[in-house]
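To convert, take the position in the sequence shown, counting from 1, and add 2; that gives the working numbering.
Glycine included, each C-beta is placed from N, C-alpha and C at the ideal position.
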Amino acid sequence: MKAIVCEKRGVMKLEEIEPPAVPDDGVLVRMHASSVNPVDLFPLSGAGRLMRKLARKPKRDGMGTDFAGIVQAVGKDVTRFRPGDEVFGGEHGSFAEYICLSESEALARKPANVSFEKAGCVAVAALTALQAIRDHGHVKPGQKVLINGASGGVGTFAVQVARALGAEVTAVCSPRNVDAVRSLGAQRVIDYTQQDFTKSGERYDALIDIAGSRSLSECRRVLQPGAIFVLVGAAAIQHTSEMKAFGHIIGTRLGSMRGRQKVVFFIAKLTQKDMEAIAELMANGKVASVIDRRYTLDQLDEAFAYFNEGHAKGKIAIELMRPEPAYEAAGAPQERVTA
Ligand SMILES: NC(=O)c1ccc[n+]([C@@H]2O[C@H](COP(=O)([O-])OP(=O)(O)OC[C@H]3O[C@@H](n4cnc5c(N)ncnc54)[C@H](OP(=O)(O)O)[C@@H]3O)[C@@H](O)[C@H]2O)c1
Numbered sequence: 003m004k005a006i007v008c009e010k011r012g013v014m015k016l017e018e019i020e021p022p023a024v025p026d027d028g029v030l031v032r033m034h035a036s037s038v039n040p041v042d043l044f045p046l047s048g049a050g051r052l053m054r055k056l057a058r059k060p061k062r063d064g065m066g067t068d069f070a071g072i073v074q075a076v077g078k079d080v081t082r083f084r085p086g087d088e089v090f091g092g093e094h095g096s097f098a099e100y101i102c103l104s105e106s107e108a109l110a111r112k113p114a115n116v117s118f119e120k121a122g123c124v125a126v127a128a129l130t131a132l133q134a135i136r137d138h139g140h141v142k143p144g145q146k147v148l149i150n151g152a153s154g155g156v157g158t159f160a161v162q163v164a165r166a167l168g169a170e171v172t173a174v175c176s177p178r179n180v181d182a183v184r185s186l187g188a189q190r191v192i193d194y195t196q197q198d199f200t201k202s203g204e205r206y207d208a209l210i211d212i213a214g215s216r217s218l219s220e221c222r223r224v225l226q227p228g229a230i231f232v233l234v235g236a237a238a239i240q241h242t243s244e245m246k247a248f249g250h251i252i253g254t255r256l257g258s259m260r261g262r263q264k265v266v267f268f269i270a271k272l273t274q275k276d277m278e279a280i281a282e283l284m285a286n287g288k289v290a291s292v293i294d295r296r297y298t299l300d301q302l303d304e305a306f307a308y309f310n311e312g313h314a315k316g317k318i319a320i321e322l323m324r325p326e327p328a329y330e331a332a333g334a335p336q337e338r339v340t341a
């Protein structure tokens, strides 16, 4: 099968590799769509190469995480999925024609009203947003939440999840994304080129920081005494310097030792339970993927270059199998691989 692999020296290639074997608890998925996340670019970076070396990872490793596709085969112990099921999820190595994962991993049925393309943009960004707001921010209906970095992959899901949980949302983004973020349900949108949110008179119950553009001490000015600050990432810095982004995260952790408000940094977990929770929100029309651009697997370099500019409006979709124009209406997958 065709797959994108990352070689030891941090170079990615489209190669012909052996398709995965299907263990007794395994589900083999024929891929239709995926998307780009920061974690997918990490193996290509200097820090990523070093980590691979220290972790003694194989010389060639798969790439990609999000996926949506159709179950092709299942192991003999599998009870939850059958060939033909339309599924989506997250698993390392998704920039490929097939992926195989255990039926208990981050795999869920794709809602019928959601396209493969949109479902392929979900796992990492939506589960990060869900866990940031529900599990770490403990956001309750009626609470005031500020989302800094609201227009990117995680941010567009975060605005929708916070609204679905009944929060009052203030979103921070650049001027070109103000209307798009408002259309996702944010009651107030701050253009960071015009206004410094850390100097507003508002006080928030939770601040979800995806951009990492301001220090913790600056953000504390707009937090209620018992508020929670959730550090998701440092997108505003990461796209220019990975080391500075790490520095921002470490600085925030050190800063969290003082002050009254709770500060949390977490790494999202890809779980079946949360894939199902997101599937339900999508089926009910409360959450949807926002797609900025789409690329094919052999255009991955271009997709990564655009992502690295740091201003994608929502997600960058990767097409792994080209649907016929009438696909959405007909609901039938075509066995044609674009790679
Ligand atoms: N903790 C975890 O488990 C976890 C999981 C996934 C991702 N992350 C991290 O979360 C961050 C975001 O990931 P992503 O996939 O959403 O990236 P992304 O799609 O590239 O989004 C980045 C967004 O940051 C916004 N931004 C840039 N400068 C800003 C500023 N000064 N103020 C406010 N917003 C600004 C941009 O919006 P404009 O174009 O409007 O400026 C852009 O839309 C990354 O650092 C990533 O590593 C963490």
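When the Cα of residue i is compared with those of the options, which residue comes out closest?
i: His241; options: Val232, Gly154, Arg165, Val161; result: Gly154
i: Lys271; options: Leu109, Glu220, Ala188, Lys288; result: Leu109
i: Ala49; options: Ala134, Gly187, Ser243; result: Ser243
i: Ser96; options: Leu16, Glu282, Ala131; result: Leu16
i: Leu148; options: Ala128, Glu105, Cys221; result: Cys221
i: Thr158; options: Ala131, Arg178, Leu167; result: Ala131
Under 7 Å between the Cβ atoms of residue i and residue j?
i: Ala98; j: Ala5; result: yes
i: Ile318; j: Asp294; result: yes
i: Ser37; j: Asp79; result: no
i: Val161; j: Gln189; result: no
i: Val224; j: Thr200; result: yes
i: Ile212; j: Val156; result: yes
i: Lys112; j: Ala57; result: no
i: Arg260; j: Pro227; result: no
Spatial neighbours of residue i within its chain, please: C-beta separation below 6 Å, excluding the five flanking residues on both sides.
i: Gly12; result: Leu46, Arg51
i: Lys146; result: Glu170, Tyr206, Asp207
i: Gly333; result: Because Gly333 sits at a pLDDT of 44, beneath the cut-off of 50, its placement in the model cannot be relied upon, and the point is left open.
i: Pro25; result: Gly77
i: Cys8; result: Met14, Pro45, Asp63, Met65
Please indicate yes or no: does the CB of residue i lie closer than 6 Å to some heavy atom of ligand 1?
i: Thr67; result: no
i: Ala237; result: yes
i: Gln240; result: yes
i: Asn179; result: yes
i: Ser364; result: Nothing about residue 364 can be reported from this structure: the residues present for the chain run from 3 to 341 only.
i: Thr130; result: yes
i: Cys175; result: yes
i: Ser243; result: no
Excluding five sequence neighbours on each side, which residues of the same chain lie with their C-beta closer than 8 Å to the C-beta of residue i?
i: His140; result: Ala208, Ile230
i: Ala341; result: Only weak support exists for where Ala341 lies, its pLDDT of 30 falling under 50; the value from the coordinates is given anyway. Within the same chain, Ala341 has close Cβ partners Lys4, Leu16, Glu99, Thr298, Leu299, Asp300, Leu322.
i: Val289; result: Ala128, Phe159, Gln162, Val163, Ala166, Ile280, Leu283
Between which residues of its own chain and residue i is the CB-CB distance below 7 Å, once the five residues before and five after are set aside?
i: Lys59; result: none
i: Pro21; result: Met3, Tyr100
i: Arg255; result: Phe267
i: Ala331; result: With a pLDDT of only 44 at Ala331, under 50, the local geometry of the prediction cannot be trusted, and the value read off the model is given with reservation. Correct list: empty, nothing qualifies.
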